[in-house]
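To start, the structure under review is shown below, and the notes come after it.
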Amino acid sequence: MTTQPLATPASSQGQALGKTGVLIVNLGTPDSPSVPDVRKYLREFLMDARVIDIPPLSRWMLVNLIIAPFRAPKSAKIYREVWTEAGSPLKVYGYAVEELLQKTLGDDYVVKLAMRYQSPSIEDSLMAFQKLGLSKLTVVPFFPQYASATTGSIYEEVMRVLKSWQIMPEMRFINSFLDHPGFIEGFVRLGQKYMQQRPYDHYVFSYHGLPERQIRKGDVTGQQCQLGSCCDSLHARNQHCYRAQCFETTRRLVKELNIPEGKYTTCFQSRLGKEPWIQPYTEELVKELPKKGVKSVLAFSPAFVADCLETTIEVGEEYKELFEELGGEHWQLVESLNDSAIWVDTLADLVQKA
């Protein structure tokens, strides 16, 4: 793995006629686990109107007077737990994938990593592409399921930068990839590794949560979203609904893993604030499982393609501790795709078919 940006390939210096730029984008990470850097990251992240979709003044006061000052020290402590000698895992895996994907795609492509928040920024990566005069640009947000707060925010930032360009390359955006066979197979292989070691009483598929209001706002028909049985299948009317896509992801994984009905649950983590977020909540599920006699759990986080604070700490440690405190005996987190060969091959296929 490398923790530094890759130099532009020699073959792409100067004339890049016919080449395609590939911008791979993850959410972001602080530059260091220090409190000032974490506070800076939180401010940029949470001031995004697609993340906290309330009036600007209310958002500014909430973020700058309450969340950033008080949450930064606690978050910095947690970031120090996941930080490695090479840096933030999210960025370490990102640069590793950048290098591997460049090798897989070959000289007809130029691959660059960006983060929606902090560095390397989308703007810096796009400006580097502009200097190369690339013919095409493919943007790949690292989010299997579409949400306005993640993929939508990346689209908006890309277009903010590009709107001032006199010459725009032909562009393609990868909207989601939960149905890509390689993505599903990657998590299936990881899950099977643990399922071969021991039996599990229950399987938890935990996804990052969103406020219910954001799901309802995404229902352009105003008639489809019920935040319930409407997510029992994925179809034309709910194809862009984040909650429906999460349930569809679980159905695909369960089918390939041969998990019987009644032995698994789709749930949502990382609630913030008192207003309703999409349910069921992972934390509440974890509290209920031991009461039902569940002693062992295999937990997946299929909304993330790289391990980070939300997977390693929240699902892998905090829920594990809660489960065991309440009588559970074994909780195992399935790691993310990270820099695995199947993930790199999946990305290459997504780019080439775009």
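Numbered according to my numbering, the sequence shown spans residues 372 to 725. By construction, the Cβ of each residue, glycine as well, lies at the ideal position given by its N, Cα and C atoms. Quick caveat, the model's predicted, so the values are computed rather than measured.
Cβ neighbour criterion (16 or more within 10 Å) applied to residue i
i, result
"residue 707", "buried"
"residue 687", "buried"
"residue 573", "buried"
"residue 555", "buried"
"residue 616", "buried"
"residue 373", "Here the model assigns residue 373 a pLDDT of 44, short of 50, so the residue's position is not dependable, and the following value carries that caveat. Looking at its Cβ environment, which holds fewer than 16 other Cβ atoms inside 10 Å, residue 373 is exposed."
"residue 649", "buried"
"residue 432", "exposed"
"residue 477", "exposed"
"residue 718", "buried"
"residue 664", "exposed"
"residue 472", "buried"
"residue 634", "exposed"
"residue 455", "exposed"
"residue 599", "exposed"
"residue 732", "The chain is shown from 372 up to 725; residue 732 falls before or after that span and cannot be answered."
"residue 695", "exposed"
Contact under 7 Å by Cβ, residue i with residue j
i, j, result
"residue 470", "residue 507", "no"
"residue 481", "residue 564", "no"
"residue 444", "residue 406", "yes"
"residue 619", "residue 605", "yes"
"residue 497", "residue 395", "no"
"residue 640", "residue 621", "no"
"residue 518", "residue 613", "yes"
"residue 511", "residue 545", "yes"
"residue 464", "residue 709", "yes"
"residue 530", "residue 399", "no"
"residue 520", "residue 421", "yes"
"residue 494", "residue 468", "no"
"residue 453", "residue 680", "yes"
"residue 587", "residue 596", "yes"
Spatial distance of residue i from residue j (CA atoms)
i, j, result
"residue 671", "residue 578", "8 Å"
"residue 504", "residue 697", "59 Å"
"residue 562", "residue 403", "32 Å"
"residue 623", "residue 436", "43 Å"
"residue 637", "residue 397", "23 Å"
"residue 581", "residue 651", "12 Å"
"residue 645", "residue 442", "16 Å"
"residue 657", "residue 576", "12 Å"
"residue 716", "residue 515", "15 Å"
"residue 723", "residue 523", "22 Å"
"residue 643", "residue 491", "27 Å"
"residue 499", "residue 459", "23 Å"
"residue 691", "residue 702", "5 Å"
"residue 674", "residue 611", "15 Å"
"residue 440", "residue 475", "43 Å"
"residue 552", "residue 427", "41 Å"
"residue 457", "residue 720", "29 Å"
"residue 571", "residue 725", "39 Å"
"residue 627", "residue 661", "26 Å"
"residue 632", "residue 414", "42 Å"
"residue 566", "residue 667", "11 Å"
"residue 434", "residue 603", "35 Å"
Selection from the options that minimises the alpha carbon distance to residue i
i, options, result
"residue 411", "680, 446 and 389", "446"
"residue 591", "493, 608 and 657", "608"
"residue 548", "399, 676, 402 and 391", "676"
"residue 655", "400, 596, 529 and 689", "689"
"residue 558", "407, 718, 396 and 714", "714"
"residue 461", "489, 668 and 543", "489"
"residue 409", "456, 448 and 553", "448"
"residue 630", "474, 440, 669 and 721", "669"
"residue 700", "627, 678, 569 and 718", "569"
"residue 416", "429, 428, 438 and 426", "438"
"residue 685", "423, 450, 400 and 455", "450"
"residue 513", "678, 692 and 703", "678"
"residue 647", "683, 694, 585 and 474", "585"
"residue 536", "509, 632 and 502", "502"
"residue 753", "418, 693 and 534", "The requested residue 753 is not part of the displayed model; the chain covers only 372 to 725."
Item to check | Any alpha helix (DSSP H) of 4 or more consecutive residues that is wholly inside the region 501-562 | outcome: 524-533
Checklist entry - Which runs of the alpha helix (DSSP H), 4 residues or longer, sit entirely within the region 571-612? => result Annotation note: the region 571-612 contains the following uninterrupted alpha helix (DSSP H) runs of length 4 or greater, listed N- to C-terminal: 583-588.
Item to check | alpha helix (DSSP H) segments (min. 4 residues) lying fully within the region 433-478 | outcome: 439-453 and 460-476
Item to check | Whole beta strand (DSSP E) elements within the region 636-707, 3-residue minimum | outcome: Annotation note: the region 636-707 contains the following uninterrupted beta strand (DSSP E) runs of length 3 or greater, listed N- to C-terminal: 667-671 and 701-704.
Next on the checklist: Which complete beta strand (DSSP E) runs does the region 391-439 hold, if anything under 3 residues is left out?
Outcome noted: You should have 391-399.
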